[in-house]
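Here the protein sequences come in this chain order: A and B.
All residue numbers for the first sequence refer to our numbering, where the first residue is 1 and numbers rise by one.
All residue numbers for the second sequence refer to our numbering, where the first residue is 1 and numbers rise by one.
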Amino acid sequence: MTTLRPGTRTAGTSTAGTRARTRTSRPLRALPSTLVLWLLALGFLIPVAWFLLSSFKPGSELFSLPLTLFPENWTVSGYTTAWNRFNFAQYFLNTSIVAVVTTVLTVLVSAMTGYALAKYQAWWLKLFFICILATTMLPTEVIMPSSFAVVRDLGLYNTLAGIIVPSIITATGIFMFRQYFKTIPDELLEAARIDGVSEFGAFWRIMLPLAKPIAVVLAIFSFQWRWNDYIWPLIVLRDPDRYTLQVALRSIVGADNVDWSVLLSASVISLVPMLVLFAIFQRQIMNADVNSGLKD
Amino acid sequence: MSTTKSVEGRSAETSALITVGRGARRARRPRRSSTRFVLAPLVFITVAVVLFALFFLWPGALGLWYSFTDYSGVGTPEFIGAENYIDLAQDPVFYTVLGRTLLYTVLSVPLHYVAALGIAMLLTSTFAKGKSVARIIFFLPWLISPIVAGVIWKWLFGENFGLVNYLIEMLGGNGLQWETNPNLALVLILIVSTWGGTAFNMLLFIAAIRNIPQSYLEAAQLDGANGWQRFRRIVLPLLRPTSFMVILLTTIGAMKEFAMVQALNGGGPGTSNMFIVQYIYRTGFERADVGYASAASMVLMAILIIIAIIQLRFDKRNDLA
Numbered sequence: 001m002t003t004l005r006p007g008t009r010t011a012g013t014s015t016a017g018t019r020a021r022t023r024t025s026r027p028l029r030a031l032p033s034t035l036v037l038w039l040l041a042l043g044f045l046i047p048v049a050w051f052l053l054s055s056f057k058p059g060s061e062l063f064s065l066p067l068t069l070f071p072e073n074w075t076v077s078g079y080t081t082a083w084n085r086f087n088f089a090q091y092f093l094n095t096s097i098v099a100v101v102t103t104v105l106t107v108l109v110s111a112m113t114g115y116a117l118a119k120y121q122a123w124w125l126k127l128f129f130i131c132i133l134a135t136t137m138l139p140t141e142v143i144m145p146s147s148f149a150v151v152r153d154l155g156l157y158n159t160l161a162g163i164i165v166p167s168i169i170t171a172t173g174i175f176m177f178r179q180y181f182k183t184i185p186d187e188l189l190e191a192a193r194i195d196g197v198s199e200f201g202a203f204w205r206i207m208l209p210l211a212k213p214i215a216v217v218l219a220i221f222s223f224q225w226r227w228n229d230y231i232w233p234l235i236v237l238r239d240p241d242r243y244t245l246q247v248a249l250r251s252i253v254g255a256d257n258v259d260w261s262v263l264l265s266a267s268v269i270s271l272v273p274m275l276v277l278f279a280i281f282q283r284q285i286m287n288a289d290v291n292s293g294l295k296d
Numbered sequence: 001m002s003t004t005k006s007v008e009g010r011s012a013e014t015s016a017l018i019t020v021g022r023g024a025r026r027a028r029r030p031r032r033s034s035t036r037f038v039l040a041p042l043v044f045i046t047v048a049v050v051l052f053a054l055f056f057l058w059p060g061a062l063g064l065w066y067s068f069t070d071y072s073g074v075g076t077p078e079f080i081g082a083e084n085y086i087d088l089a090q091d092p093v094f095y096t097v098l099g100r101t102l103l104y105t106v107l108s109v110p111l112h113y114v115a116a117l118g119i120a121m122l123l124t125s126t127f128a129k130g131k132s133v134a135r136i137i138f139f140l141p142w143l144i145s146p147i148v149a150g151v152i153w154k155w156l157f158g159e160n161f162g163l164v165n166y167l168i169e170m171l172g173g174n175g176l177q178w179e180t181n182p183n184l185a186l187v188l189i190l191i192v193s194t195w196g197g198t199a200f201n202m203l204l205f206i207a208a209i210r211n212i213p214q215s216y217l218e219a220a221q222l223d224g225a226n227g228w229q230r231f232r233r234i235v236l237p238l239l240r241p242t243s244f245m246v247i248l249l250t251t252i253g254a255m256k257e258f259a260m261v262q263a264l265n266g267g268g269p270g271t272s273n274m275f276i277v278q279y280i281y282r283t284g285f286e287r288a289d290v291g292y293a294s295a296a297s298m299v300l301m302a303i304l305i306i307i308a309i310i311q312l313r314f315d316k317r318n319d320l321a
């Protein structure tokens, strides 16, 4: 559209009419798209806004009619109750440990595996790659009862390690690194070999630093998956002391008498780390070439 | 045997390169290389192989074994043949659950697809204003866990206390039964999952749309193609690989929907919106009927494999290698 306009403009007097039309029609044509876009955006935003604003209402105001969009008396009492009553600090700590440790291990293991799959040729490497891809099609949820039995037999039941260890390998991560390492010319590797650099040295000192952008993207993804994960913590953890945030939240919302004041605040608190992460890495997340990866 | 061949082929190639480059000084390299080309990748993938074997192969095999036993989580599983599968085939609850899951999948995949593609088109169109802010808003649900998403929408659509019913009543209508009517509850589940799933698919589409050469669209425009024709004849066919991936991932995601529904309405009212993963969880963990749950797992696994194969067949241009 934009590239066509200079052409019409220089074409001379005969196109004066066209030019005028293009000029007036631009804001007019912008109207429907903009309107639809923002109606949809509002539809996406309103549930979150209502949830967020409600969390600052005192318990008595939550259900009092008429409902008001903004709290009449802003309060953080829900937050303090949630934080104190539910051992929330512990859940927060547990979730943080799981998310951080798993993310570090995921990035390392995915990088090594993706590197091997990209830079070496062997039939067993190809076979393993297909196996890894198959894990996307057949996720843990599908074989929940036996996954639980395996975790239990390994002595990982009711430990945070029981959530961390099974979550380390992800097809997405391995695939992302594999695709990335494939774009790095083999000559670089050959040159390193000629200079007597070992295979591990080449990976660690040359290839891994080059793959930093992918590592960042995968780290963000992995953190999000683990922070928001529900199914592994649900089947592995029994002790409420070891609960992660998601399991704890589910236990509040699943109760017969939902304490909404606490539930809303607790949910907001659980979102904070993801919001901070997004604020910092917004550019990387939005521009990530997610096409080369798969969703976990 | 083909290993040694390909590895030796590779090392011969390399050694040739090295000989040319550095002369006979490095003549001893080939033998070392052939081991390093096997050993190094083997070490690199060891951790992943072990984890894959422990947490995918073993549970898979164990699940298959359990499905032929009466295992209840404790004691020793006893082989009972195909009894679980026969029971499953005669279990009306299982059919209801499976039917509801399939219905949900069939409804949710097109919804997810249209929402993600439509929003991606709007966010890449030249006309719409305020795109960068809108993009952040659409992406917000990605940050929110399925559990919290359930909480957010439960709060909004509460039958007696939610904002939506309050507004409907203010406008003179009767509040809808979001919690007690099974079909309305399913509609709500569809809305929430679309809201939550759009962000990631939208990013996929935006990246793919940006990769479409602008010149194609301009040429079509010069030939008199209108907006819809350009979308239908140029954009959509070029988005095929992305569409394929979005549909495949959304289908699998829908078949294993669990966490969000747990927080939203627990599969209610009653068990009317119980999906298959929830059924497996209930049977395996709450009723401790691991054998029976494993049989249901194997059925779900078979369904997912069939879906994946069908879709892979449809996608002619998929290249995994």
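By construction, the Cβ of each residue, glycine as well, lies at the ideal position given by its N, Cα and C atoms.
Fair warning: this is a prediction, and the values are worked out from it, not measured in the lab.
According to DSSP, residues forming a beta bridge with residue i
{"i": "A/Thr106", "result": "DSSP, once it has assigned bridges, lists no residue as partnering A/Thr106."}
{"i": "B/Phe79", "result": "B/Thr69"}
Neighbour-count burial assignment, residue i, 16 or more Cβ in a 10 Å radius
{"i": "A/Thr187", "result": "Checking the sequence, you will find Glu at residue 187 of chain A rather than Thr. Per the 10 Å Cβ criterion, exposed."}
{"i": "A/Glu199", "result": "buried"}
{"i": "B/Lys256", "result": "buried"}
{"i": "A/Val276", "result": "exposed"}
{"i": "B/Gly60", "result": "buried"}
{"i": "B/Gly158", "result": "buried"}
{"i": "B/Tyr292", "result": "buried"}
{"i": "A/Arg21", "result": "Confidence at A/Arg21 is low in this model, with a pLDDT of 45, below 50, so its placement is unreliable and no value can be given for it."}
{"i": "A/Asp229", "result": "buried"}
{"i": "B/Ile45", "result": "buried"}
{"i": "A/Gly196", "result": "exposed"}
{"i": "A/Val98", "result": "buried"}
{"i": "B/Val299", "result": "buried"}
{"i": "B/Gly337", "result": "What the structure shows of chain B is the stretch from 1 to 321, and residue 337 of chain B is not part of that stretch, so it cannot be assessed."}
{"i": "A/Glu141", "result": "buried"}
{"i": "B/Ile309", "result": "exposed"}
{"i": "A/Asn287", "result": "exposed"}
{"i": "B/Pro265", "result": "According to the sequence as given, residue 265 of chain B is Asn; it is not Pro. B/Asn265 should be labelled buried."}
Beta-carbon gap between residue i and residue j smaller than 7 Å
{"i": "A/Val376", "j": "A/Gln121", "result": "No information on residue 376 of chain A is available, as it lies outside the stretch 1 to 296 that chain A covers here."}
{"i": "B/Thr242", "j": "B/His112", "result": "no"}
{"i": "A/Leu245", "j": "A/Tyr91", "result": "yes"}
{"i": "A/Ala30", "j": "B/Lys129", "result": "yes"}
{"i": "A/Ser54", "j": "A/Leu249", "result": "no"}
{"i": "A/Leu125", "j": "A/Leu117", "result": "yes"}
{"i": "A/Trp232", "j": "A/Ile163", "result": "yes"}
{"i": "A/Leu237", "j": "A/Tyr243", "result": "yes"}
{"i": "A/Ile180", "j": "A/Ala211", "result": "Sequence inspection shows Tyr at residue 180 of chain A; the Ile mentioned does not correspond to that position. Cβ atoms of A/Tyr180 and A/Ala211: closer than 7 Å."}
{"i": "B/Met245", "j": "B/Ala120", "result": "no"}
{"i": "B/Leu88", "j": "B/Ala288", "result": "no"}
{"i": "A/Tyr115", "j": "A/Met207", "result": "yes"}
{"i": "B/Thr69", "j": "B/Phe56", "result": "no"}
{"i": "A/Phe63", "j": "B/Phe200", "result": "no"}
Of all the residues that make up the segment 246–264 of chain B, which are near chain A by a beta-carbon distance shorter than 8 Å? Leu249, Ile252, Gly253, Lys256, Phe258, Ala259, Gln262, Ala263
Which of the residues in the segment 292–308 of chain B, read from start to end, lie with their CB under 8 Å from any CB of chain A? Ala293, Ser294, Ser297, Leu300, Met301, Leu304, Ile305, Ala308
Using a Cβ-Cβ cut-off of less than 9 Å, list which residues of the segment 163–176 of chain B approach chain A; keep chain order. Leu163, Tyr166, Leu167, Met170
Would you list, in chain order, the members of the segment 40–51 of chain A that have their beta-carbon closer than 7 Å to a beta-carbon of chain B? Leu40, Ala41, Phe44, Leu45, Pro47, Val48, Trp50, Phe51
The segment 50–66 of chain A contacting the segment 137–147 of chain B, beta-carbon criterion three pairs below 8 Å: no
Using a Cβ cut-off of 9 Å, which residues of the segment 122–141 of chain A contact any Cβ in chain B, in chain order? Ala122, Trp123, Trp124, Leu125, Lys126, Phe128, Phe129, Ile130, Cys131, Ile132, Leu133, Ala134, Thr135, Thr136, Met137, Leu138, Pro139, Thr140, Glu141
Which residues, taken in chain order from the segment 192–211 of chain B, show a beta carbon closer than 7 Å to some beta carbon of chain A? Trp195, Phe200, Leu203, Leu204, Ala207, Ala208
If you measure beta-carbon to beta-carbon, which residues of the segment 266–280 of chain A are closer than 7 Å to chain B? Ser267, Ser270, Leu271, Met274, Leu275, Phe278
Residues in the segment 241–259 of chain A with C-beta within 7 Å of chain B's C-beta atoms, listed in sequence order? Gln246, Leu249, Arg250, Val253, Gly254
Can you pull out the residues from the segment 35–48 of chain B whose beta carbon lies closer than 9 Å to at least one beta carbon of chain A? Arg36, Phe37, Val38, Leu39, Ala40, Pro41, Leu42, Val43, Phe44, Ile45, Thr46, Val47, Ala48
Please identify, using Cβ separations under 7 Å, the residues of the segment 49–69 of chain B that lie next to chain A, in order along the chain. Val49, Leu51, Phe52, Leu54, Phe55, Phe56, Trp58, Pro59, Gly60, Leu62, Gly63, Tyr66
Using a Cβ distance threshold of 8 Å, determine whether the segment 296–316 of chain B contacts the segment 213–232 of chain B, with at least three qualifying pairs required. no
Anything in the segment 159–189 of chain A with a Cβ closer than 8 Å to a Cβ of chain B? List those residues in chain order, please. Val165, Pro166, Ile168, Ile169, Ile174
Counting only Cβ-Cβ distances shorter than 7 Å, please list the residues of the segment 86–115 of chain A near chain B, keeping chain order. Val109, Met112, Thr113, Tyr115
So does the segment 178–194 of chain B actually touch the segment 147–154 of chain B, counting three or more Cβ pairs closer than 8 Å? yes
So, do the segment 217–229 of chain B and the segment 104–119 of chain B have three or more beta carbon pairs nearer to each other than 8 Å? no
Taking 8 Å as the threshold, find out whether the segment 138–146 of chain A comes into contact with the segment 63–73 of chain B through three or more Cβ pairs. yes
Determine which residues of the segment 218–230 of chain A have a Cβ less than 9 Å from any Cβ of chain B, and write them out in chain order. Gln224, Trp227, Asn228, Asp229, Tyr230
Evaluate contact between the segment 82–90 of chain A and the segment 255–271 of chain A, counting only Cβ atoms and requiring at least three cross-stretch pairs below 8 Å. yes
Residues within the segment 94–126 of chain B neighbouring chain A, beta-carbon criterion of under 7 Å: Ile119, Leu122, Ser125, Thr126
Relative to chain A, which residues along the segment 143–162 of chain B have a C-beta separation below 8 Å, given in chain order? Leu143, Ile144, Ser145, Pro146, Ile147, Val148, Gly150, Val151, Ile152, Trp153, Lys154, Trp155, Leu156, Phe161
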